[in-house]
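Visitor: Would you mind keeping the following structure in view while I ask a few things?
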Amino acid sequence: MRLKDTVNQYLIQYLFLFYPISPNGLKKVIGKELPISKNKAIQSELSLVAEQNSDYFKLDFDEGGISKAVNWKGGGEFVYLELKKYNQTFIEQIESAKDLPDRQAGTKAILKIWEEMKTKSFLNYNVDLQKQEEHIEEFKTLTIEEQKQHLVELLDKNQLYVNLSSLNDKDFAVSAEEKKVTQEFYRK
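Now the structure itself:
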């Protein structure tokens, strides 16, 4: 665990344990992958805004611990939102490409993704499409795993998700509902 993570963890635990949770007390905690649990936040009526790298959320309440300490009788809210994917969509396609028994079929599937990436993704600024095409035969000799790794490396990781400033860009096809939720979230 990095020192910064350790300090953040203790700071949040300190705030949660020693700062009074009252109408005049701590009400909102914002951060990245906070160590405070969603259960504690809901039971203490905290607004918890956190970036979590999780494919699922499980809320599991008990009748002891924090529930007893704050006399929690149920209730509260949990809102889950996902960012609108952009380059992340290509990474998911690449990762799901199967290492088929017929190597040529696997390479064909990877090349199909590459063709779409050339026209619809954000590639790293230093990627030279012409050089990539010049070396396509070498690319085909790589294992499927190496091909997948190479394609992921070509993508600009700063564009995994649609940026707030790009909401109105037609290339991203952001729906009216997605725009509304995003603007409400950021209060813009």
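The letter at position 8 of the sequence shown is residue 3 when you use our numbering, and the numbering goes up by one with no holes. We treat Cβ as the ideally placed atom computed from N, Cα and C, and that holds for glycine.
By a C-beta neighbour count over all protein chains shown, 10 Å radius and 16 as the cutoff for buried, is Gln142 buried or exposed?
Guide: Within the sequence shown, the letter at position 147 stands for residue 142. Burial call: buried.
Visitor: Which residues bound the alpha helix (DSSP H) around Val176?
Guide: The residue you call residue 176 lines up with position 181 of the sequence shown. Its alpha helix (DSSP H) spans residues Ala171 to Tyr181.
Visitor: Would you call Ala104 buried or exposed, if buried means 16 or more other Cβ atoms sit within 10 Å of its Cβ?
Guide: By one-based count along the sequence shown, residue 104 stands at place 109. The residue in question, Ala104, is buried, as its Cβ has 16 or more Cβ neighbours within 10 Å.
Visitor: On the criterion of 16 or more Cβ atoms from any shown chain inside 10 Å, does Tyr120 qualify as buried, or is it exposed?
Guide: Taking the first residue of the sequence shown as position 1, residue 120 is located at position 125. Burial call: exposed.
Visitor: Taking 9 Å as the threshold (C-beta atoms), are Ile131 and Leu106 in contact?
Guide: Position 111 of the sequence shown, counting from 1, holds the residue named residue 106. Position 136 of the sequence shown, counting from 1, holds the residue named residue 131. Result yes, Cβ atoms of Leu106 and Ile131 sit closer than 9 Å.
Visitor: Can you give me the start and stop residues for the alpha helix (DSSP H) that Thr138 sits inside?
Guide: Reading the sequence shown from its first residue, position 143 is the one you call residue 138. From DSSP, Thr138 is part of no alpha helix (DSSP H); its letter is neither H nor E.
Visitor: Could you tell me which of Val169, Glu179 and Lys113 sits nearest to Phe85, measuring between CA atoms?
Guide: Within the sequence shown, the letter at position 90 stands for residue 85. For Phe85, the nearest C-alpha among the options comes from Lys113.
Visitor: Please look up how many angstroms separate the CB atoms of Tyr156 and Lys93, rounded, as I've assumed it's under 8 Å.
Guide: For the purposes of this step, residue 156 is taken as residue 161 along the sequence shown, with counting starting at 1. For the purposes of this step, residue 93 is taken as residue 98 along the sequence shown, with counting starting at 1. About 26 Å separates the two Cβ atoms, so there is no contact after all.
Visitor: Quick one: give me the first and last residue of the alpha helix (DSSP H) that Lys103 is part of.
Guide: Position 108 of the sequence shown, counting from 1, holds the residue named residue 103. Residues Arg98 to Lys115.
Visitor: Spell out the partners DSSP gives Leu150 in its beta bridges.
Guide: In the sequence shown, the residue the question calls residue 150 occupies position 155. DSSP lists Leu118 as partners of Leu150.
Visitor: I need the DSSP call for Lys165, collapsed to helix, strand or coil.
Guide: Position 170 of the sequence shown holds residue 165. Three-state result, Lys165: helix.
Visitor: On the DSSP letters alone, give me the boundaries of the alpha helix (DSSP H) that Lys126 sits inside.
Guide: As a first step, residue 126 is located in the sequence shown; it is residue number 131 there, counting from the start. Residues Leu124 to Glu129.
Visitor: If I measure Cβ to Cβ from Leu124 and keep anything under 7 Å in the same chain, skipping five residues before and after, which residues do I get?
Guide: To locate residue 124, count along the sequence shown from 1; it is residue 129. Excluding residues within five positions, the ones whose Cβ falls inside 7 Å are Lys113.
Visitor: For Asn158, count neighbouring Cβ atoms within 10 angstroms of its own Cβ and tell me buried if that reaches 16, exposed if not.
Guide: Here the question's residue 158 lines up with position 163 in the sequence shown. Burial call: exposed.
Visitor: How should Ser91 be labelled, buried or exposed, when 16 other C-beta atoms within 10 angstroms of its C-beta is the threshold for buried?
Guide: By one-based count along the sequence shown, residue 91 stands at place 96. That one is exposed.
Visitor: Rounded to a whole number of angstroms, what is the C-alpha to C-alpha distance between Leu137 and Glu179?
Guide: Along the sequence shown, one-based indexing puts residue 137 at 142. Along the sequence shown, one-based indexing puts residue 179 at 184. When rounded, the distance between both Cα atoms is 47 Å.
Visitor: Find out if the Cβ-Cβ distance for the pair Val184, Leu149 is shorter than 9 Å.
Guide: A question about residue 184 goes unanswered here, because the residues of the chain that appear run from -4 up to 183.
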